[in-house]
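Enquirer:
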Amino acid sequence: MAQFNRHTIDHRSFYTMSDGGTRCLLDFTAKLYGKNFKFPTFNAPRKSIKFLVRDLQDAFDSLFVTKTDIGVLLCTSVRRIYITKPIYYQILVLYEEHMAMQYNYDDEEVEDGTSLHCIDDIDLRLFKSKVVFVNLHEKIRLFNITIKTTSSGAGLGWINYEFTFDNGTTLLYLTSYSLEQKFYLPADPLCTDYLLINKNERELEYQDHQFNDDTIEIVNEIDVQREKTSSIDELIKKQRIEQIEMIEQKDFYNQDEPSQKQQNTKVEETVARKSSQLDEFNKFIKRALKRVNGSIFIQHDLTDSFIDVAMHVLSLIEQSSINLFIVSHAFDKIYAQLNNQSEWLREQCDSEPFPFKKYRFFKHIRNLNYAFTEKQKIIFVGKHEKIPEIFRTQQVACFNRPVGELDRKKCINFQIKMEATVNEIEDDYGKYKERKEVFVNAERVEIDTKITEIDLLVDEHTLLHGNSLYLHGILKITDFYKKNEIQHIVEQTEHWMTAIMSKNSHIVIGNSVIFPELGVRYEIQENGQIREINH
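Note that the sequence shown ends on residue 1214 in our numbering; no numbers are left out.
Printed below as a string of structure tokens:
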């Protein structure tokens, strides 16, 4: 009997799986500790970054990672960590981003069953020594279970795991799934016996994005204060500035005119069929940048939406001269890795598949302590980044944030569909007739893995009569640490019944063997014993 048990921390969860001699973790998540994050001062100095993790009493042999979570670095009790290269590098970048955080915060209550870990205690060398890189559709054999990686289609290197037990029963552990064509390899079909979905669709904040002058402050259209001028020359100078500013914006706004639209690039083609909130986000971008010094901060989650959102924004502004900034301490590393993992992309590219640096007005900065120019700009920051009041009319946007994490006065939250919902996944799974059951965030799942029959590999001396197979020998099992599939092999040995059957004509009736020429009849009993039957 295979058992899957759910463990939660904050709004996220992971599973443990046990089946006889096999015990493994399916993901391992951590929560950033603290509340009311703020910039440090003399009275409130910087505090070390800490994480809350769920305590587990049992030891586990392996950890199978499906998507990016810094909690993987805090899971020290496992022997092996199965992970794709893209997720591996994303986690290392996530570690550097958290190491660079300089904040003070208020302590919060540590709930029972969890423990607090400081980021300074993370042992990267130990983590790297346990990593086993897996590729797509690779099979891993653990005792009596075969585990296969399958594509989720939702993120770079994101996968799901399909468990095949020795009785042939299959279960897919799923944390992400996309039914739409994205940058990444398409998702594999959901054709297993059972489907275990670990996907928490939290309570999200939906807002009315009917953009008007109350939502986004407009100061005289292009943010030029109207004042009395002391001379004609000064008036002409101001007018000339306004004209230049409008020309500077012209290329950006002409994209809305059908006659001015350029042929779609690969970047634009890969971003398609989002929810209606995506249209509202596009309007928000263009409306906020209507001023010459319009500034937009976009809070992103490196573990979730960064690639999709950044590529979409790049497709909106690539024909313009709008400045694009990404605030990150490790962007160069993740940029190199993103462009080196082309085998995980839907289409192979001759050049860089994620061409941020090819955009003329792109700049990578390490923090917000930067001398920004008075020009339209979009600034990507991490979701934990504290954004000071740098610009008078700055706007802040974020994506898919739960209600508890929102500051409604300072941030506009867009609910943009990045992947399939649970209902869509269930509907897609229902297309396959052989499916048995779907478990959505189930606290406990039990799967019958009892073997009722096995496949045997026998040698050429086997005696086959109709549907009956007569064997006599030694049953051996191959070394399952070296093979993807276990083989049950029978090495037959000499037996007096085999010798008689090979030299004399005989008739098989049920479990009896009759030798007419010899005038004898033998009965093969259930325990394998052979008894002579007298006529």
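Backbone N, C-alpha and C define an ideal beta-carbon position, used for all residues, glycine too.
Given the structure is predicted, the values throughout are model-derived calculations rather than measurements.
1. My output table needs one value for K1089: the three-state DSSP class, helix, strand or coil.
2. Using CA atoms only, rank isn't needed, just tell me which of K1065, K1036, T720 and T745 is closest to Q769.
3. Let's test the definition: count the other Cβ atoms within 10 Å of the Cβ of L1197 and tell me whether it reaches 16, buried, or not, exposed.
4. For a quick check, are the C-beta atoms of N1190 and E1173 less than 9 Å apart?
5. Quick check: the segment 731-742 against the segment 683-697, are at least 3 beta-carbon pairs closer than 8 Å?
6. How would you call W1175, buried or exposed, if buried means at least 16 neighbouring beta carbons within 10 angstroms?
7. Span of the beta strand (DSSP E) holding R804?
8. Helix or strand or just coil, what does DSSP make of Y1038?
9. Enumerated in chain order, which unbroken segments of the beta strand (DSSP E) with a length of 3 residues or greater are wholly contained in the segment 701-765?
10. Curious, which full-length alpha helix (DSSP H) runs of at least 4 residues does the segment 765-850 contain?
11. Could you compute how far the alpha carbon of D987 sits from the alpha carbon of M1097?
12. Please classify I766: is it buried, with 16 or more other beta-carbons within 10 angstroms of its beta-carbon, or exposed?
13. Among residues of its own chain, excluding the 5 on either side of S794, which ones have a beta-carbon nearer than 7 Å to its beta-carbon?
14. Taking its Cβ as the centre, do 16 or more other Cβ atoms sit within 10 Å of G1109, making it buried, or is it exposed?
15. Comparing alpha-carbon positions, which option in T747, N715, M778 and F683 lies nearest F707?
16. Kindly identify the DSSP beta-bridge partner or partners of L1047.
17. Grouping DSSP H, G and I as helix and E and B as strand, with all else coil, what is E1196?
18. If you draw a straight line from the C-alpha of A1050 to the C-alpha of F1070, how long is it?
19. Starting from the Cα of R1045, find the closest Cα among N715, H777 and L753 and give me that residue.
20. Below 8 Å, how does it come out for the segment 748-766 and the segment 717-725: are there three or more Cβ pairs, yes or no?
21. Select from A709, A1178, I1091 and G792 the residue whose C-alpha is nearest the C-alpha of E959.
22. Under the DSSP definition of a beta bridge, which residues are partnered with T687?
23. According to DSSP, simplified to helix, strand and coil, what is F1033?
24. Going by DSSP in three states, K1182 sits in which element: helix, strand or coil?
25. Is the segment 964-981 in contact with the segment 989-1007, if contact means three or more CB pairs nearer than 8 Å?
26. Shortest alpha-carbon distance to F672 belongs to which of T825, L875 and C797?
27. Closer than 8 Å is the cut-off here; do at least three beta carbon pairs connect the segment 784-801 with the segment 809-828?
28. Whole angstroms are fine: how far does the CA of C1077 sit from the CA of F842?
29. Buried or exposed for G836, going by 16 or more other Cβ atoms inside 10 Å?
30. For Q956, which residues in the same chain have their Cβ closer than 6 Å to its Cβ, ignoring the five residues on either side in sequence?
31. Is it right to say A1178 is buried, meaning 16 or more other beta carbons lie within 10 angstroms of its own, or is it exposed?
32. Under the three-state reduction of DSSP, which class applies to N1018: helix, strand or coil?
33. Expressed to the nearest angstrom, what Euclidean distance is found between the alpha-carbon atoms of L1024 and E880?
34. Do D867 and N839 have their CB atoms nearer than 9 Å?
35. In its own chain, which residues sit with a C-beta less than 7 Å from the C-beta of T1100, not counting the 5 before and 5 after it?
36. What is the rounded straight-line gap between the Cα of T695 and the Cα of T763?
Expert: Reading off the structure:
1. coil
2. T745
3. The residue is exposed, with fewer than 16 neighbouring Cβ atoms inside 10 Å.
4. no
5. yes
6. exposed
7. Taken as a continuous stretch (DSSP letters only), R804 belongs to no beta strand (DSSP E), being part of the alpha helix (DSSP H) at L803 to K809.
8. coil
9. 701-705, 709-711, 714-717, 729-733, 741-743 and 759-762
10. Uninterrupted alpha helix (DSSP H) stretches at least 4 residues long and entirely within the segment 765-850 occur at 803-809, given in chain order.
11. 8 Å
12. buried
13. Correct list, in chain order: V732 and D734.
14. So G1109 ends up on the exposed side.
15. T747
16. L1047 is not bridged to any residue.
17. coil
18. Near 11 Å, if we compare the C-alpha coordinates of F1070 and A1050.
19. H777
20. no
21. I1091
22. S692
23. Residue state for F1033 is assigned as coil, using DSSP reduced to three classes.
24. In the structure shown, K1182 sits in a helix (DSSP, three-state: H, G or I).
25. yes
26. Here the chain covers residues 680 to 1214 and nothing more, so residue 672 does not appear.
27. no
28. 36 Å
29. Classified as buried, G836 has 16 or more neighbouring CB atoms from the shown chains inside 10 Å of its CB.
30. F1093, Q1094 and I1095, listed in sequence order.
31. Exposed, because fewer than 16 other Cβ atoms sit within 10 Å of the Cβ of A1178.
32. N1018: helix per DSSP, three-state reduction.
33. 26 Å
34. yes
35. E880
36. 20 Å
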